[in-house]
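In our numbering, the protein residues as written are 8 to 142. Heads up, the beta-carbon is just placed ideally off N, CA and C, and yes, glycines get one too. Here the structure is a predicted model, which is why all the values come from computation and not from measurement. Following: one structure in structure tokens, then a few remarks.
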Ligand SMILES: [Fe+2]
Ligand SMILES: [Fe+2]
């Protein structure tokens, strides 16, 4: 059986239960696409994965932004912009990678999003949220 692309471990937790649950959901979407990556028809999974990610990220970004707003996180507007840019990139890649039958480029986007956004950029708001919500 294909191994998981990302195996969830406690080090991924940021200590905000709702957001940790949603981040787990993202891992599930990424792993599902990775599972089919060696299939001959992997490109068929690209559009549904992008659609699912788009819908799920809409919910996740709204949750994250609502919490940051409530906690008066000073970098909220920058974070909002990064979320908007992620949507734009996803739209573009959905089209281009489907057209070019290029699942590798799409997979790279998923990995970069996980590493650079969830496991790096998202970490910036953790201190503010912990202090505000007394976690
Ligand atoms: Fe996030
Ligand atoms: Fe975020």
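- If you draw a straight line from the Cα of residue 140 to the Cα of residue 49, it is about 42 Å long.
- Spatial neighbours of residue 117 in its own chain (CB-CB distance under 7 Å, excluding positions within 5 residues in sequence) are listed in chain order as 37, 40.
- Checking the 7 Å criterion, the Cβ of residue 26 is within range of a heavy atom belonging to ligand 1.
- Judged by their CB atoms, residue 61 and residue 97 are nearer to each other than the 8 Å cut-off.
- Your pair residue 80 and residue 135 checks out as a contact, with CB atoms roughly 5 Å apart and the cut at 8 Å.
- Pairing residue 22 with residue 124 gives a Cβ-Cβ distance that is not under 8 Å.
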